[in-house]
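This report concerns only the one structure given below.
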Amino acid sequence: MNALVVANVSRRRFLQGMSALGGLVLAVGYSSATRAADAKKYGADGMPNGWVDDPLAFVAIAEDGTVTIVCHRSEMGQGVRTGMPMIVADELEADWKRVRVAQAHGDEKKFGNQDTDGSRSTRHFFEPMRRCGAAARTMLEAAAAERWNVPVSEVEAKNHEVVHRPTGRRAGYGSLAKAAAGQPVPARETLRLKDPKQFRYIGKGQLKLVDGPDIATGKAQYGIDTRLDGMLYAVVARPPVYGGKVASFDPAEALKVPGVQKVVQIEDSPPPAQFNPVGGVAVLARNTWAAIQGRKALKITWDDGPNADYDSTAFKASLEESARKPGKVVRNDGDFDAAVAKAARRLDAEYYIPHLAHATMEPPAATVRITNGKCEVWGCFQSPQGTRDVVAKRLGMSADDVTVHVTLLGGGFGRKSKPDFAIEAAVLSKAVDGKPVKVTWTRDDDLHNSYYHTVSVEHLEAGVDAQGKPIAWLHRSVAPTIISTFNAEAKNEAPFELGMGVINVPFAIPNVRIENPEAIAHTRIGWFRSVSNIPHAFAVQSFVAELAAAAGRDPKDFLLEVIGPARQVSPETLGDTWNHGESPERYPVDTGRLRRVVETVARQAGWGRKLPKGRGLGIAAHYSFVSYIAAVVEAAVDDKGQLTIPRVDIAVDCGATVNPDRVRSQMEGACVMGVGVATLEGISFKGGRVEQDNFNAYQVTRMAGAPREIRVHIIPGDYSKPMGGVGEPGVPPIPPALCNAIFAATGKRIRQLPIRDQLKA
Numbered sequence: 024m025n026a027l028v029v030a031n032v033s034r035r036r037f038l039q040g041m042s043a044l045g046g047l048v049l050a051v052g053y054s055s056a057t058r059a060a061d062a063k064k065y066g067a068d069g070m071p072n073g074w075v076d077d078p079l080a081f082v083a084i085a086e087d088g089t090v091t092i093v094c095h096r097s098e099m100g101q102g103v104r105t106g107m108p109m110i111v112a113d114e115l116e117a118d119w120k121r122v123r124v125a126q127a128h129g130d131e132k133k134f135g136n137q138d139t140d141g142s143r144s145t146r147h148f149f150e151p152m153r154r155c156g157a158a159a160r161t162m163l164e165a166a167a168a169e170r171w172n173v174p175v176s177e178v179e180a181k182n183h184e185v186v187h188r189p190t191g192r193r194a195g196y197g198s199l200a201k202a203a204a205g206q207p208v209p210a211r212e213t214l215r216l217k218d219p220k221q222f223r224y225i226g227k228g229q230l231k232l233v234d235g236p237d238i239a240t241g242k243a244q245y246g247i248d249t250r251l252d253g254m255l256y257a258v259v260a261r262p263p264v265y266g267g268k269v270a271s272f273d274p275a276e277a278l279k280v281p282g283v284q285k286v287v288q289i290e291d292s293p294p295p296a297q298f299n300p301v302g303g304v305a306v307l308a309r310n311t312w313a314a315i316q317g318r319k320a321l322k323i324t325w326d327d328g329p330n331a332d333y334d335s336t337a338f339k340a341s342l343e344e345s346a347r348k349p350g351k352v353v354r355n356d357g358d359f360d361a362a363v364a365k366a367a368r369r370l371d372a373e374y375y376i377p378h379l380a381h382a383t384m385e386p387p388a389a390t391v392r393i394t395n396g397k398c399e400v401w402g403c404f405q406s407p408q409g410t411r412d413v414v415a416k417r418l419g420m421s422a423d424d425v426t427v428h429v430t431l432l433g434g435g436f437g438r439k440s441k442p443d444f445a446i447e448a449a450v451l452s453k454a455v456d457g458k459p460v461k462v463t464w465t466r467d468d469d470l471h472n473s474y475y476h477t478v479s480v481e482h483l484e485a486g487v488d489a490q491g492k493p494i495a496w497l498h499r500s501v502a503p504t505i506i507s508t509f510n511a512e513a514k515n516e517a518p519f520e521l522g523m524g525v526i527n528v529p530f531a532i533p534n535v536r537i538e539n540p541e542a543i544a545h546t547r548i549g550w551f552r553s554v555s556n557i558p559h560a561f562a563v564q565s566f567v568a569e570l571a572a573a574a575g576r577d578p579k580d581f582l583l584e585v586i587g588p589a590r591q592v593s594p595e596t597l598g599d600t601w602n603h604g605e606s607p608e609r610y611p612v613d614t615g616r617l618r619r620v621v622e623t624v625a626r627q628a629g630w631g632r633k634l635p636k637g638r639g640l641g642i643a644a645h646y647s648f649v650s651y652i653a654a655v656v657e658a659a660v661d662d663k664g665q666l667t668i669p670r671v672d673i674a675v676d677c678g679a680t681v682n683p684d685r686v687r688s689q690m691e692g693a694c695v696m697g698v699g700v701a702t703l704e705g706i707s708f709k710g711g712r713v714e715q716d717n718f719n720a721y722q723v724t725r726m727a728g729a730p731r732e733i734r735v736h737i738i739p740g741d742y743s744k745p746m747g748g749v750g751e752p753g754v755p756p757i758p759p760a761l762c763n764a765i766f767a768a769t770g771k772r773i774r775q776l777p778i779r780d781q782l783k784a
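Going by our numbering, the letters in the sequence shown line up with residues 24 to 784, in that order.
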């Protein structure tokens, strides 16, 4: 990051309209040399993309004093459109009431990597945003000093004004903006950042979401809300089996439905589909209801293709068979076989998690219009620049001729980083001479055609000494890999998947062997909130609790003992491993921080307190996305097997926080989602087809099933140290902590998710 640079683009039209404000426009980015060096050292995904000619952030100050800050990431409830501009505004000493936030369109040349995933937005762009704000503040101060003919050391920016301390003279930012644009951009080495003690907004949690009022009053515009003059509405009948295609179809009955305008076949994309649509037949109509009725009237014969026999029960058995045999060795410390042969006792267990669907409250929706050789796209995209590229490619256009407008997202969780629904809208717009077409996915469409979280079997074995302490550890993780979506031949989990709690298990055990047997994907596999951390944490943290029970030990004390003393787990120990783009060389696991969240959450939850019959406490901890999270769940199970969750405590160490309120809300949301994963959610296949049609079959957590109380305990961090993510890492500890609590309450061990009726008598 040593070559982070700020550029004055006031006279260059990087953003349409912004450079016409007549004031100061700054952009910040990394030099191409720095990006190339970091990509070589950490991998292409390890650093934010962009450089001075491809800026990452913009701030503009108009002559009326309005400050416009561009957010280049997508807002889906995590608060990024508030948090990142807040960083700029704080360093700029801007009055938040005079700040306007603009949403960036999809353009990698201007904004670098815009993928809103991996819990990376704020932590990767905290420094660029600070420097952009500080540079603008410095230039405003220089302009004021020049106007008053005083030393710049005598002036100071304060709350949207520059003040001359000796005389009290003041000049507003608007009056200085034009002159500031003529000032040289301060060099990195001379740029003065605030001392964190001077922060007005960062870390205070006092600012409300910029989108909050519109969301609360129904004015907010999501992808599904797009309306254009002359727009047609479309739904698509897609192959019911992944890899299938249309054998034949008859549109006659569909065309008789009032309102239906046209029926169009969409070319199929055989596996690996990557981000392309799976094909099918679209019905275009004057409204969505007519399109749906027209789709029902279609007569389609499907060729189900190579995955017609995909069956979840049979596939689970095949994964279990693989998990019980040696697989590809990806970590081998010490001598597991020799150690386990000498162990006082050997224990083993297997854990299963099915496919999961994102089930966002707003299903995928996109609108496309093509006029005069230009294409415009509107939708709920986590990857707007990726959307722009794939739409351009499918239409045979230059990406420069495609504009992607990003709306609010009614949930994302990784699903909306796959823009297949935008390509569908683009293909259909082209089929009707460029008229605007909105493609809307129904809930059934969403559940039947997702990029699912992978199914997995986790097989663990341990040899323990006479005191029950593990001296040998074996973990076989068997799951279809996300890479199969891009390469049909991929059969092993990728290093970044294994780096999510398997190969980097941070335990003080001398003999560790990690194996990864092959698994073939029979459906689309994609990113899901926290990705492979979920099954891995479920297995590892459940197994540690089982070892504690076998040893007759307190689960919390035993977990701390297995973690061992505070230390940095080195890259040599981890091998060539990644945690969603996080190099272990750059972010070694700090077991001291892991211990601290365990100790903190146990203390705050009143670990060891006496509970009535049928109640128990469970604990689990996990490291992911450079954050450390521990949870204590209190579970209550009545004599009929009915589960309730009176309370959950979560301790989070994500380093320094920008907006503590959003950290809490993300942990609370992750907790509810984790409860749903543990108790209800699961996608199953029979005859290659998804068996769940809607929320009656694919259930998510309702109010009655949610924890009665969620308490979040944030451990303060240092702004000079790397930040961790908060959007995803709250999910993984919840399922194992809940299942461990159920064991404490009932003596029943849960090894397969979802729990559903496993507690019934």
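Backbone N, C-alpha and C fix where the C-beta goes; we use that ideal spot for every residue, glycine too.
Residue of the options minimising C-alpha distance to residue i
{"i": "A764", "options": "V450, M162, K461 and P669", "result": "P669"}
{"i": "T139", "options": "R734, P407 and G637", "result": "P407"}
{"i": "A194", "options": "V208, V178 and H545", "result": "V178"}
{"i": "R154", "options": "S440, C403 and I110", "result": "I110"}
{"i": "K132", "options": "F148, A200 and G52", "result": "G52"}
{"i": "V352", "options": "G699, T614, V713 and P518", "result": "P518"}
{"i": "A127", "options": "V713, F404 and K339", "result": "F404"}
{"i": "Y256", "options": "W401, K220, A313 and A243", "result": "A313"}
{"i": "V620", "options": "S555, P739, A720 and E538", "result": "P739"}
For residue j and residue i, the rounded distance between their alpha carbons
{"i": "V612", "j": "I757", "result": "20 Å"}
{"i": "A388", "j": "W464", "result": "6 Å"}
{"i": "R536", "j": "E516", "result": "16 Å"}
{"i": "A625", "j": "L431", "result": "38 Å"}
{"i": "G241", "j": "E344", "result": "51 Å"}
{"i": "Q591", "j": "P529", "result": "9 Å"}
{"i": "D684", "j": "G396", "result": "45 Å"}
{"i": "D599", "j": "P377", "result": "Caution is warranted here: a pLDDT of 45 is assigned to D599, below 50, making its placement in the model unreliable, and no coordinate value can be reported."}
{"i": "F436", "j": "A489", "result": "45 Å"}
{"i": "E150", "j": "T667", "result": "43 Å"}
{"i": "A159", "j": "P209", "result": "9 Å"}
{"i": "A67", "j": "S341", "result": "Caution is warranted here: a pLDDT of 40 is assigned to A67, below 50, making its placement in the model unreliable, and the coordinate value is therefore given only provisionally. When rounded, the distance between both Cα atoms is 35 Å."}
{"i": "A573", "j": "G491", "result": "7 Å"}
{"i": "L703", "j": "M384", "result": "17 Å"}
{"i": "V450", "j": "I289", "result": "7 Å"}
{"i": "K217", "j": "S176", "result": "15 Å"}
{"i": "H545", "j": "Y265", "result": "7 Å"}
{"i": "R687", "j": "Q101", "result": "11 Å"}
{"i": "N355", "j": "I494", "result": "14 Å"}
{"i": "A768", "j": "G267", "result": "47 Å"}
{"i": "V90", "j": "P459", "result": "34 Å"}
{"i": "P207", "j": "V185", "result": "18 Å"}
{"i": "K201", "j": "L49", "result": "12 Å"}
Bridge partner(s) assigned by DSSP for residue i
{"i": "R193", "result": "V186"}
{"i": "Q775", "result": "Y375"}
{"i": "N14", "result": "Beyond the ends of the chain as shown, which are 24 and 784, falls residue 14; an answer cannot be given."}
{"i": "C155", "result": "DSSP, once it has assigned bridges, lists no residue as partnering C155."}
{"i": "V122", "result": "V90"}
{"i": "G402", "result": "A389 and V429"}
First through last residue of the beta strand (DSSP E) which encompasses residue i
{"i": "L497", "result": "P493 to V501"}
{"i": "V111", "result": "Premise fails: V111 lies in the alpha helix (DSSP H), V103 to L115, not in any beta strand (DSSP E)."}
{"i": "T463", "result": "V460 to T463"}
{"i": "L255", "result": "L255 to A260"}
Host alpha helix (DSSP H) of residue i (start-end)
{"i": "S479", "result": "Not the alpha helix (DSSP H): S479 falls in the beta strand (DSSP E), residues S479 to V487."}
{"i": "S647", "result": "Looking at the DSSP string, S647 is not in any alpha helix (DSSP H); the run it does join, the beta strand (DSSP E), is R638 to S647."}
{"i": "I557", "result": "N556 to A574"}
{"i": "R626", "result": "T614 to A628"}
{"i": "F272", "result": "Here F272 belongs to no alpha helix (DSSP H); instead the beta strand (DSSP E) covers K268 to D273."}
{"i": "L214", "result": "Run containing L214: none; DSSP gives neither H nor E here."}
{"i": "G328", "result": "Element bounds for G328: n/a, residue is neither H nor E."}
Distance cut-off 8 Å: residue i Cβ against heavy atoms of the ligand FAD
{"i": "E169", "result": "Questions concerning the ligand FAD fall outside what the structure shown contains, since it holds no ligand whatsoever."}
query = Is there contact here, the stretch 359 to 371 with the stretch 500 to 509, by at least three beta-carbon pairs under 8 Å?
reply = no
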